[in-house]
Structure formats: structure tokens, C-alpha cells
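Okay, so here's the structure we're looking at.
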Amino acid sequence: MMAPMPTANFARMVGTTGLLGAELYSEPGQTTGIEWFRSKKPVPYMRALNAMESRVAEIAAGEAGECVWLLEHPALYTAGTSADPSELIDPDRFPVFKTGRGGRFTYHGPGQRVAYVMLNLKARGGDVRAYVQGLQTWLRDTLAAFDIAADPASTDIGVFVEGAKIASIGVRVSRSVTFHGVSLNVAPDLEHFSGIVPCGLKDTPVTSLKVLGVDTDFEKVDAALLDAWPESLRG
Numbered sequence: 001m002m003a004p005m006p007t008a009n010f011a012r013m014v015g016t017t018g019l020l021g022a023e024l025y026s027e028p029g030q031t032t033g034i035e036w037f038r039s040k041k042p043v044p045y046m047r048a049l050n051a052m053e054s055r056v057a058e059i060a061a062g063e064a065g066e067c068v069w070l071l072e073h074p075a076l077y078t079a080g081t082s083a084d085p086s087e088l089i090d091p092d093r094f095p096v097f098k099t100g101r102g103g104r105f106t107y108h109g110p111g112q113r114v115a116y117v118m119l120n121l122k123a124r125g126g127d128v129r130a131y132v133q134g135l136q137t138w139l140r141d142t143l144a145a146f147d148i149a150a151d152p153a154s155t156d157i158g159v160f161v162e163g164a165k166i167a168s169i170g171v172r173v174s175r176s177v178t179f180h181g182v183s184l185n186v187a188p189d190l191e192h193f194s195g196i197v198p199c200g201l202k203d204t205p206v207t208s209l210k211v212l213g214v215d216t217d218f219e220k221v222d223a224a225l226l227d228a229w230p231e232s233l234r235g
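Under the UniProt record's numbering, the residues of the sequence shown are numbered 1 to 235, in order.
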């Protein structure tokens, strides 16, 4: 059974950073006014969603700055606004959360780097499609840092290598502020994806940096993500 959308008191859930005590990973100047935070331990999905919604409200009200939040979740599935119930193959395998982001079913879990991106979209032209393209560029350039060449861009949202999906994108915009974001498969258990049809792509396999022969960790991946932040997403 899918969990409902969050109704908790968001302010009560946040830590000293507004993101459940996540550490400051990069000062705003490095990416032109954007704070980067990182959580070292896996963050339960609903707590992360609550904290993210709270931060988005603060950004929209001018009470907090834009940010990127790097984290990892326990094993779970999320259902986007276009999710088809028939694509949830094994509903009892992991918790399933209904979420307001675009897209269909996806998996989050250990070994996958999630980046939640909270930006003022109006300050970047207000074009959601261009924003998603910016996220794709970011992921492609991050992979290039590990000598991985992503497939040419296609109509399918996300990033693919040799026909297999390595990164997913799902976004939502509230009061001109983006949230949710991207996930990159570093070294997850890919068998966990078999409980869903990932992103509705029935005949598309999934892959990871580990499967592609890259021996790395979150420390190096996070540094690559920071270095690859694209000009189109800078403040």
C-alpha cells in the first residue's frame, strides 16, 4: 500500500540547517549562491520529503537560500504523478511512497546518491524543460569525470550508458522553486529494481558505476557532482 503525501508539521522535522542536521558540504560562493548540504547517514524518505518541503517554502518566502542536498535513502520505491499501478510488480518488497514529483515508479536505496535540488526557477528563466536539460547535463558531466560516456540525449528522461539507465530525474515546482531532483546509481543492488518497471521503461536495463567498472565512493561522487555543476543552473 502506498504511503500518503506528507501532512506533518514540516518545521518540527528540520534540524539546525533546515535539512535534518545535514552538514554544510560547500559554501555558497563555489556555485554562485547555492548552499550544498550532505547527510552522512541514510535518511528516511518521509522525513527527507518533509524537510525538503519546509526548505522550499522558506526559499519561496525569501527566508532561506537555494540549496542542493546530497543523501542516501533506505531501500524503498516512490510513485510519481504518472505512476501506473501495474508497474509496481512486487508491492510488498519495500515501502512504497506516493510523491508529488513528475515521473513514474523508481527505486532509492543504499549505494545510490540522491541529490535534491531546490532552486528559484524564475531566476533561471522559468523554463522547466530547460531546467531538466540542465540536470541531465550535470549528470552527464559527472559521469565524464569517471571516464564514462553517456548515451546521446533522447526523449526518455534520465541518463543512459550503453542503453542502460544509470541516473533518474524527477522534479516538482512550487511557487517557482524546484524540488526533488536526481538519483545516480553508484553501487546499489540492481536486483532491487526488479520489483518495479523503473520509470515505465519495461525493456530498458539499469546499470551503475560499479557495474561499469568504476571503483568509487560517495566522497568522490559528491566532489564530481559539485565540480560538474552546470552554468545554466548557477545563480
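We put the CB at the ideal spot given by N, CA and C, even for glycine.
The DSSP-derived three-state label of E27 is coil.
Between the stretch 117 to 131 and the stretch 200 to 214 there are fewer than three C-beta pairs closer than 8 Å, too few to call the two in contact. Spanning the alpha carbons of P95 and A75 requires a straight line of approximately 8 Å.
Within a 10 Å sphere around the beta-carbon of P152 sit fewer than 16 other beta-carbons, which makes this residue exposed. Membership of E53 in the alpha helix (DSSP H) is indicated by the continuous run 45 to 60.
Secondary structure note for L139: it is in no beta strand (DSSP E), and the uninterrupted alpha helix (DSSP H) holding it is 128 to 144.
By the Cβ rule, the stretch 216 to 228 counts as touching the stretch 106 to 119, because three or more pairs are nearer than 8 Å. Ranked by Cα distance from T78, the options L70, A60, L119, T106 are led by T106. In this structure, the beta-carbon distance from S54 to L121 does not fall below 9 Å. Here DSSP, grouped into helix, strand and coil, assigns K98 to strand. If you draw a straight line from the Cα of R172 to the Cα of H180, it is about 6 Å long. Sequence-distant Cβ neighbours of L233 in its own chain, meaning closer than 6 Å and more than five residues away, are G134. Between V186 and I89, the C-beta spacing is not below 9 Å.
Assigned with DSSP and collapsed to three states, G200 falls in helix.
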